[in-house]
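All residue numbers for the sequence shown refer to my numbering, where the first residue is 18 and numbers rise by one. Remarks on the structure that follows.
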Amino acid sequence: MKKLRRAWNRLVGCLAGGRRDAELAEELESHVQMLTEENLRRGMSPSEARRRALVAFGGIALAMESYRDQRGLPAIDSLRQDLRYALRGMRRNPVFTSIAIACLALGIGANTAIFSLFNAVMLRSLPVSHPERLVFFQYANPPADMSALRRLSSGYGQSSLPYSTYEAFRDQARTLAGVFVFVSSGMEGDGLTVNVGGRALTTDGEMVTGSYFSTLGISPALGRAIVESDLEPGAPDVTVISHGFWLEELGGDPSVVGRRILVNNAAFSIIGVAPPGFNGLHGAVPELWFPLRPTPALRPWGSRAASSASAFTDRRYWWCTVGARLKPKVTRSAVLAETEYLFRQSITAGLNDTPPTLPTLAVSDASPVFELLRGKFETPIRILVVTASLVLLIACANIATLLVARAKARQKEIGVRLAIGAARARIIRQLLTESVLLSTCGGALGLAFALWGAPALLRLIAGARQLTPLDV
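Shown next, in the form of structure tokens:
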């Protein structure tokens, strides 16, 4: 208990040091004054009486220093003094301070922003439940002439497959726990016209199968998700809205489920609100999700798909992005072995003559958006990372040179401090404190720069549209 009380007294003394110092100085001065008055009564002059009193007392400064060591926490007091000294030194040399902080901020900010982009594009997985068990399908090794198999294609290049392939995987694959399709509800650059409360706005949307949300493991924040019954002929026109759309356009109304909005001049009922942070798997942020079925107001990939059901029955129209979730303990090689056969069967069914060479099927653990981004930007981003690292090294070398030059300019000051009794360790600690303070200021400014620079880089590579899986 005594040790605890002593520790508490030291902590209080450290925090209330200024007030305690004033009280102690006043008390010590009163003792010196009493000795001075006694010396005056002995016939000494005022100056001599004061000098003899100080000699007899032992010095006010020494007594206060001894009291501080007993009263407070010497390590914290020393650190506080070092910080004050470092701040005074930085204020005395504003040019040096500004250059050093700017160099560090540039190096740290550029590296942080570029690594954030590298992490978002190259390392981060999709924001869904157990993303390691998700796979996406695409064709590979296409023959030179695909006309017998494909007359038209929309979507993400080799990630676009016919609807019949999705049906084959859904109905016959035994290695998959769920299969889904997602496509844009319009051509790239052509958004949806949405009327909310008399306000017209243009946004992006996706058409998805009933297994989309359940296979991804996404639970709506409000209402329900799109299910298989929503894809049946004659089912009501419904939509799930994004969390951002709900907050920004509908004011976060908790009774929004059941509300009707106009999309391309057709009425759709809101059945759910997606959870925050989920922005789909498509290349542009979708604000609305719709059931993937023939709908007069919506067309998969816009005008390139017919308004009738031909997009769903034409095996030579490749437009679906197909994803799936693996069953537990199932490997990708096992999935590929099964789905390869189903894929070839789905694209050749109904053909009078099977082409001698067929495309193969590939399985990827990244969505087509990630695949396109990684293929397009991997080399430039890696070059940027190396370049930014070199910039940081150069900045550190420049600052080291500035610090060495400044230390040489302060040789006289350091020599005087050593001559009057300052310990070398204390001087070194003060110089290190100044360096740490410079680094902290530069790092804070660099992080602020990175908070602005990372989204700017993302917008630069994404063009006019934000890429949904990327969050820096």
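Backbone N, C-alpha and C define an ideal beta-carbon position, used for all residues, glycine too.
- Contact check for Gly-289 and Val-257: beta-carbon distance about 4 Å, within the 8 Å limit, so the pair qualifies.
- Rounded to whole angstroms, the Cβ separation of Ala-103 and Gln-447 is 7 Å, and the two are in contact under 8 Å.
- As a beta-bridge residue in DSSP terms, Ser-177 pairs with Thr-338.
- Secondary structure note for Ser-286: its beta strand (DSSP E) is the uninterrupted segment 283 to 290.
- Per the C-alpha coordinates, the member of Ser-327, Glu-357, Gly-438 positioned closest to Tyr-180 is Ser-327.
- The alpha-carbon of Phe-113 is positioned some 12 Å away from that of Ala-424.
- When DSSP states are grouped into helix, strand and coil, Arg-187 belongs to the helix group.
- Measuring C-alpha to C-alpha distances from Thr-404 to each of Asn-282, Gly-268, Phe-132 identifies Phe-132 as the nearest.
- If you compare the alpha carbons of Phe-154, Gly-460, Met-163 with that of Phe-199, the shortest gap goes to Phe-154.
- Looking from the CA of Val-213, the closest CA among Ala-284, Val-244, Leu-166 belongs to Ala-284.
- Comparing C-alpha distances from Gln-98 to each of Ser-259, Cys-458, Arg-443 shows the shortest one belongs to Arg-443.
- In this structure, Tyr-229 is the residue among Gly-208, Tyr-229, Pro-237 with its C-alpha nearest to the C-alpha of Leu-248.
- Note that the C-beta distance between Tyr-156 and Pro-376 is below 8 Å.
- Between Ala-291 and Ile-235, the C-beta spacing is below 8 Å.
- Assignment of Glu-266 by DSSP, reduced to helix, strand and coil, places it in the helix class.
- Leu-378 is bridged by DSSP to Tyr-156.
- By the Cβ rule, the segment 335 to 349 does not count as touching the segment 264 to 281, because fewer than three pairs are nearer than 8 Å.
- Annotation: Ser-231 is outside any beta strand (DSSP E); the continuous alpha helix (DSSP H) that includes it extends over 229 to 233.
- The count of Cβ pairs closer than 8 Å, one atom from the segment 186 to 202 and one from the segment 366 to 376, stays below three, leaving the stretches out of contact.
- Per DSSP, reduced to three states, the secondary structure at Leu-420 is helical.
- When only Cα atoms are considered, Val-49 and Gly-60 end up about 17 Å apart.
- Leu-52 is positioned such that its CB atom lies no closer than 8 Å to that of Gly-459.
- Counting along the chain, Ile-278 sits inside the beta strand (DSSP E) bounded by residues 277 to 280.
- No Cβ-Cβ contact shorter than 8 Å links Ser-246 with Ala-238.
- Residue state for Val-302 is assigned as coil, using DSSP reduced to three classes.
- In the same chain as Gly-208, and ignoring 5 residues on each side of it, the C-beta atoms closer than 7 Å to its own belong to Thr-219, Thr-220, Asp-221, in chain order.
- Under the three-state reduction of DSSP, Pro-308 is assigned to strand.
- Runs of the alpha helix (DSSP H) lying entirely within the segment 107 to 151 and spanning at least 4 residues, in chain order: 111 to 135.
- Between the beta-carbon of Ala-465 and that of Ala-130 there is about 11 Å, and that puts the pair past the 8 Å contact cut.
- Under the three-state reduction of DSSP, Ser-171 is assigned to coil, being neither helix nor strand.
- Its Cα nearest to that of Ser-164, the residue Ile-364 stands out among Gly-240, Met-107, Ile-364, Ser-286.
- Assigned with DSSP and collapsed to three states, Thr-348 falls in coil, not helix or strand.
- Sequence-distant Cβ neighbours of Leu-264 in its own chain, meaning closer than 7 Å and more than five residues away, do not exist here.
- Under DSSP, Val-255 takes part in a beta bridge, and its partners are Ser-286.
- Ranked by Cα distance from Arg-150, the first of Arg-349, Arg-108, Leu-315, Leu-123 is Arg-349.
- CA-CA distance, Phe-135 to Phe-295, rounds to 20 Å.
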